[in-house]
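Reviewing the structure listed below.
Protein chains in written order, with the UniProt record's numbering: chain A, 1 to 421; chain B, 1 to 421.
Structure, rendered in structure tokens:
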């Protein structure tokens with residue numbers, strides 16, 4: 001018997017037929033003797049509908065009231081799943097964010113879970129009652145509703161799993177696991193049985209849509225074993241094939257056990273949500289770069305790849321960097337407002353860019369990964385506009401039109417293609 | 001300066017354009033220096049959508065989870081109105097049922113308000129902040145969500161008005177007041193400036209859709225002055241023409257003041273939600289009638305008009321009565337299950353019936369009202385199938401097809417027609 005947190009996303013909760021399918025899966029897990037808590041998203045499209053109302057109300061809508069509005073989506077699905085379970089003879093009840101409560105910091109629309117009171121929850125679960133918990137929502141110290149930011153239900157699930165010390169957090173979604181790359185681009189992409197937290201974190205942060213980045217970080221910090229599964233498989237199947245997300249040590253142990261070798265590269269991700277900004281002819285003196293990035297940081301804009309074209313002669317330099325596309329207009333506004341102060345000439349922007357990343361814990365001990373990447377892309381005439389690296393990731397910025405080509409040639413170059421069927 | 005509770009129904013909250021219109025009205029009232037609390041319904045159609053999901057989940061859905069699901073509709077509109085007011089420069093915040101809290105009895109899907117904690121609410125209102133409160137919802141002692149039954153937002157508004165000792169409870173709806181009868185049937189129906197609680201209670205209970213019956217009863221008990229207004233009039237108009245619902249004494253005083261005479265009949269209502277049941281050849285002995293109506297009462301089925309055809313000779317009798325159409329199938333099931341025990345021969349049902357009621361406090365001192373009704377209907381060949389009376393109401397059951405005809409001839413017979421334009 002184990003304690004399991006199951007999480008179902010919006011596609012899995014879209015309509016009563018699918019909710020019944022979710023309930024059948026939960027029932028199957030309960031019947032195996034496990035203690036179960038279920039975290040649910042709103043029906044697919046519902047959060048967009050509610051956010052749409054808020055935007056219609058005012059471009060600068062009040063974030064506290066935004067939270068009241070959008071939290072309703074998960075409230076609805078949690079009630080519906082609980083009543084569907086009861087109708088199937090499975091004892092269940094919904095626990096809304098304020099009822100547990102799920103205590104969050106004071107930050108509307110982008111809250112962080114601080115603490116989940118588990119007394120009543122564990123008592124109910126221990127008595128065999130399934131706890132159905134709306135994802136995405138919490139309560140602040142002042143008693144008002146908060147939400148965790150879009151996609152926050154994954155984070156809710158991991159936070160609940162950590163709080164109840166669950167043996168596993170199963171994330172049911174519309175794909176059946178984590179792949180070496182997007183299977184819609186590369187037909188021979190392979191599903192990964194195992195991936196480490198750090199790899200998943202990098203993959204999620206560069207566009208692999210399977211899990212919210214923050215939820216992976218939280219799972220790593222709290223040591224929550226996460227499994228990604230498909231909610232569209234047979235709900236009564238016992239060993240659904242999914243991807244298990246574990247620590248580096250656990251991965252090593254598993255590899256030893258099965259006498260498998262670690263892959264150099266785990267996956268290739270692409271991200272079309274970046275935009276490039278070039279600030280031209282910035283004075284090449286101490287503090288000049290800080291005068292650009294300081295104000296952007298203050299506005300909570302996440303600057304990613306930075307290149308400074310150092311030109312000693314002219315005592316001026318061009319600074320290139322990327323920001324999320326959604327923040328492009330705001331970034332330009334901020335910088336134009338500081339034109340005199342920074343002393344640049346002009347701002348050039350480009351949204352026709354894509355970030356391609358290769359990720360793998362294996363590259364720590366294999367320094368040739370970046371070189372292979374640059375060479376492979378160069379051979380196909382793909383121009384690299386910027387580069388950024390981390391310990392287990394190399395990312396390059398390229399022309400958006402070349403995204404699919406780049407992903408395919410890299411997938412082959414790193415030996416990730418599945419054997420031909 | 002007064003303390004005013006404003007209530008807006010689903011049609012007034014259907015979409016952001018209408019919510020903006022509501023906010024404009026609230027702003028206008030705030031700018032006159034009044035302290036304001038607003039009670040809102042869900043968007044028109046939203047509660048039906050949510051109830052539809054519940055019915056799809058299970059015919060016998062769990063009422064506690066039903067409340068969780070359907071309460072979301074008013075949560076959404078309360079947040080949207082609060083953020084719209086803020087965007088218009090009016091300080092406002094939403095107070096959800098569990099935040100105030102609005103304490104209700106332990107009865108899911110049909111709760112009754114027990115107590116509303118007003119400390120924080122009055123402090124906020126006193127500081128000039130508009131309190132936006134979702135109607136229909138409350139919280140039970142065990143901390144779970146409850147709802148007040150369909151149309152419960154009117155009751156929420158009156159309960160809030162009573163709790164904060166409001167000077168007036170303004171119910172904004174899609175009609176501009178209470179009419180002598182349904183203006184869709186009688187073009188010359190007149191809007192009433194004043195109506196007493198008792199009259200409104202009788203009118204609401206027999207099909208006048210303006211206010212929920214329970215809200216009128218509560219207003220009468222708590223002495224809350226209620227005004228019915230149209231939410232589609234110019235939101236900045238000062239004296240919207242509506243109908244004021246007051247006590248009998250207040251009505252008398254107003255009539256004296258304006259030297260007007262009280263009308264004999266205030267209004268004529270029709271109700272197509274009844275069904276007729278005839279239980280034939282019931283043994284004419286003590287306890288026989290109790291054996292029919294006892295079990296129906298136990299099932300919370302509201303039996304209205306009862307006729308017993310006393311036939312001394314045969315020692316058997318036919319019992320005719322009406323129940324709400326929604327409860328017809330359940331009523332028949334219950335009685336068929338007791339066939340042996342009660343000893344009747346068979347059950348005949350008829351849903352092609354309508355109840356027509358004439359209402360007026362004036363009839364207390366004028367005994368001829370019922371006679372006029374019977375004579376007027378007889379003259380047009382309308383057959384009366386059952387009769388019930390109260391102190392200020394006479395109701396008859398007729399063929400549903402004759403509803404409009406009956407309402408029209410009675411409206412004329414009691415002198416209610418407006419002068420020709």
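All residues carry an ideal CB built from backbone N, CA and C; glycine is no exception.
Give the straight-line distance between the Cα atoms of residue i and residue j, rounded to the nearest whole angstrom.
i	j	result
residue 254 of chain A	residue 260 of chain A	8 angstroms
residue 269 of chain B	residue 210 of chain B	11 angstroms
residue 104 of chain A	residue 159 of chain A	11 angstroms
residue 106 of chain B	residue 373 of chain B	43 angstroms
residue 299 of chain B	residue 40 of chain A	36 angstroms
residue 185 of chain B	residue 404 of chain B	6 angstroms
residue 13 of chain B	residue 54 of chain A	14 angstroms
residue 343 of chain A	residue 214 of chain A	37 angstroms
residue 9 of chain A	residue 58 of chain A	28 angstroms
residue 377 of chain A	residue 273 of chain A	21 angstroms
residue 202 of chain B	residue 216 of chain B	9 angstroms
residue 225 of chain B	residue 237 of chain B	21 angstroms
residue 181 of chain B	residue 275 of chain B	22 angstroms
residue 196 of chain A	residue 190 of chain A	16 angstroms
residue 287 of chain B	residue 243 of chain B	46 angstroms
residue 382 of chain B	residue 406 of chain B	8 angstroms
residue 174 of chain A	residue 401 of chain B	54 angstroms
residue 360 of chain B	residue 387 of chain B	17 angstroms
residue 44 of chain B	residue 357 of chain B	28 angstroms
residue 319 of chain B	residue 278 of chain B	6 angstroms
Assuming residue i is part of the alpha helix (DSSP H), what are its boundary residues?
i	result
residue 85 of chain A	63-87
residue 25 of chain B	16-31
residue 388 of chain A	From DSSP, residue 388 of chain A is part of no alpha helix (DSSP H) but of the beta strand (DSSP E) over 386-390.
residue 373 of chain B	369-379
residue 148 of chain B	It is not in any alpha helix (DSSP H) - residue 148 of chain B carries neither H nor E in the DSSP assignment.
residue 248 of chain B	248-258
residue 333 of chain B	328-337
residue 49 of chain B	46-57
For residue i, count neighbouring Cβ atoms within 10 angstroms of its own Cβ and tell me buried if that reaches 16, exposed if not.
i	result
residue 142 of chain A	exposed
residue 317 of chain A	buried
residue 134 of chain A	buried
residue 212 of chain B	buried
residue 366 of chain A	exposed
residue 120 of chain B	exposed
residue 257 of chain B	exposed
residue 35 of chain A	buried
Is residue i helix, strand or coil by DSSP?
i	result
residue 270 of chain B	strand
residue 382 of chain A	coil
residue 414 of chain B	coil
residue 103 of chain A	strand
residue 293 of chain B	helix
residue 216 of chain B	helix
residue 35 of chain A	strand
residue 112 of chain B	coil
residue 40 of chain B	strand
residue 190 of chain B	coil
residue 226 of chain A	strand
residue 231 of chain B	coil
residue 262 of chain B	coil
residue 275 of chain B	strand
residue 301 of chain A	coil
residue 405 of chain B	helix
residue 365 of chain A	helix
residue 221 of chain A	helix
Would you mind reading off the limits of the beta strand (DSSP E) that contains residue i?
i	result
residue 8 of chain B	3-8
residue 349 of chain B	347-350
residue 319 of chain B	316-324
residue 121 of chain A	Segment 119-126 is the alpha helix (DSSP H) holding residue 121 of chain A; no beta strand (DSSP E) there.
residue 209 of chain B	From DSSP, residue 209 of chain B is part of no beta strand (DSSP E); its letter is neither H nor E.
residue 401 of chain A	Neither: residue 401 of chain A is in no beta strand (DSSP E) and is coded neither H nor E.
residue 12 of chain B	That residue, residue 12 of chain B, is in no beta strand (DSSP E); it is neither H nor E in DSSP.
Which of the residues in the segment 41-55 of chain B, read from start to end, lie with their CB under 8 angstroms from any CB of chain C? No chain C is part of this structure, whose protein chains are labelled A and B.
Which whole runs of the alpha helix (DSSP H) in the segment 132-187 of chain A are 4 residues long or more, in chain order? 152-163
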